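> One structure, pasted below without further comment.
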Amino acid sequence: MDQHGIPARGSRGPGALEPWKEMSAEELEKQYSPSRWVVRVEPEEALRTFSGKGTEATKNAQATRRCQLHAPYGDGKGDRMDIYFPDVQSEALPFFLFFHGGYWQSGSKDQSAFMVDPLTAQGVAVAVVDYDIAPKGSLDQMVDQVTRSIMFIQKRYPCNEGIYLCGHSAGAHLASMVLLASWTEHGVVPNLRGLFLVSGIYDLEPFVHTSNNALLLLTLEDALRNSPQQRLDVAPAPPAGLACPILVMVGEHESPEFHRQSWEFCQIIMKTISQKC
């Protein structure tokens with residue numbers, strides 16, 4: 008084990024139980040409650056600060072950057088994104104798509120444009136994507152919305168210099184599900200150049216057994232269908248999405264379970280890539 012309680016490489020042998028299955032209900036709840044692991048402020052203050060800073064940064068970006076707000080990427084009311092452009096007038100731009108967190112039940116694009124100023128200053132267009140959070144939207148629907156948002160950018164800006172996906176928490180999970188997309192069935196192959204996955208959950212089975220599932224109402228079947236870690240591990244062939252660089256990140260003070268999730272997903276990605284070579 009390291010200082011975060013993460014098993015060392017190869018320390019969990021075949022057939023060994025995942026750590027979460029040996030936890031009490033109370034400990035599992037704590038492990039999957041991110042705000043309880045903030046070290047500088049109390050949980051409620053952390054949530055208020057995160058939301059307030061994000062909203063302030065978004066209002067500033069909308070007031071100072073050239074942008075198209077509430078751009079529809081589909082027919083549903085929740086199929087909306089805000090697109091922010093650099094000063095250069097060109098369609099041949101790199102695009103950075105961001106998917107917000109909030110455990111699939113909170114958050115929105117209206118408090119998530121904090122990366123716009125530094126990226127547009129470097130000539131990158133930024134799209135901050137909304138999706139229908141629970142209880143209005145199901146997880147399957149959210150995955151479909153994220154997939155369609157990427158197709159929308161590719162079709163509207165076919166001369167793009169690359170599409171880079173970034174998600175935080177629930178958004179990292181949704182972005183990672185794109186690795187399993189069958190783009191030929193959708194009739195468009197996006198110019199994916201990289202994924203940045205920040206503090207995500209990639210195996211949803213433990214989440215099912217926490218109170219955070221009260222709004223999402225995931226069954227075990229739902230969780231397995233939407234767990235990229237488990238699906239990649241048994242995929243008969245490496246998905247095409249693995250052809251681009253993938254950076255899996257986790258906060259230093261996140262719970263041991265969040266560290267384990269990122270570590271094991273990274274291992275699955277590397278194993279799958281090695282099978283492709």
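The letter at position 139 of the sequence shown is residue 146 when you use this note's numbering, and the numbering goes up by one with no holes. All residues carry an ideal CB built from backbone N, CA and C; glycine is no exception. The model shown is predicted, which means the values in this text are computed figures rather than measured ones.
Around the C-beta of Leu35, are 16 or more other C-beta atoms found within 10 angstroms, so that it is buried, or is it exposed?
Buried.
> What are the start and end residues of the alpha helix (DSSP H) that includes Val215?
Unbroken alpha helix (DSSP H) run through Val215: Glu212 to Val215.
> Look at Leu239 and Thr279 and say whether their C-beta atoms are less than 7 Å apart.
For Leu239 and Thr279, yes; Cβs fall inside 7 Å.
> Using a 10 Å radius around the Cβ and a threshold of 16 neighbouring Cβ atoms, would you call Cys173 buried or exposed?
Result: buried.
> If you pair each beta-carbon of the stretch 91-100 with each one of the stretch 143-153, do three or more pairs fall below 8 Å?
No, the stretch 91-100 does not touch the stretch 143-153.
> Does the Cβ of Asp288 have 16 or more other Cβ atoms within 10 Å, making it buried, or fewer, making it exposed?
In this structure the chain extends from 8 to 284, so residue 288 is not present and cannot be described.
> Do you know offhand how far Leu224's Cα is from Arg55's?
The alpha-carbon atoms of Leu224 and Arg55 are separated by roughly 25 Å.
> For the beta strand (DSSP E) that contains Pro252, what are its first and last residues?
No beta strand (DSSP E) holds Pro252; DSSP gives it neither H nor E.
> Mapping DSSP to helix, strand and coil, what is Val4?
Lying outside 8 to 284, the shown extent of the chain, residue 4 is not represented and no answer is given.
> What would DSSP say about Met88, mapped onto helix, strand or coil?
Here Met88 sits in strand by DSSP.
> Taking contact to mean 3 or more Cβ pairs, one atom from each stretch, closer than 8 Å, check whether the stretch 115-130 and the stretch 195-207 are in contact.
These segments do not touch.
> Would you mind sorting Gln129 into buried or exposed? The rule is 16 or more other CB atoms within 10 Å of its CB.
Gln129 comes out exposed.
> On the three-pair Cβ rule with 8 Å, is the stretch 258-269 touching the stretch 39-48?
With the cut-off at 8 Å, the stretch 258-269 and the stretch 39-48 touch.
> With distances taken between CB atoms, is the gap from Ile170 to Ala134 smaller than 7 Å?
Contact flag unset, no.
> On the three-state DSSP scale, how would you describe Ile160?
In the structure shown, Ile160 sits in a helix (DSSP, three-state: H, G or I).
> Could you give the first and the last residue of the continuous alpha helix (DSSP H) run that contains Gly178?
Taken as a continuous stretch (DSSP letters only), the alpha helix (DSSP H) holding Gly178 covers Ala177 to Met184.
> Name the one or two DSSP bridge partners that Cys173 has.
Paired residues: Phe105 and Phe203.
> For Gln2 versus Ile275, is the C-beta spacing smaller than 7 Å?
Nothing can be reported for residue 2: it is not among the residues displayed for the chain, which extend from 8 to 284.
> Could you spell out the range, first to last residue, of the alpha helix (DSSP H) harbouring His77?
Unbroken run through His77 is the beta strand (DSSP E), Arg73 to Pro79; no alpha helix (DSSP H).
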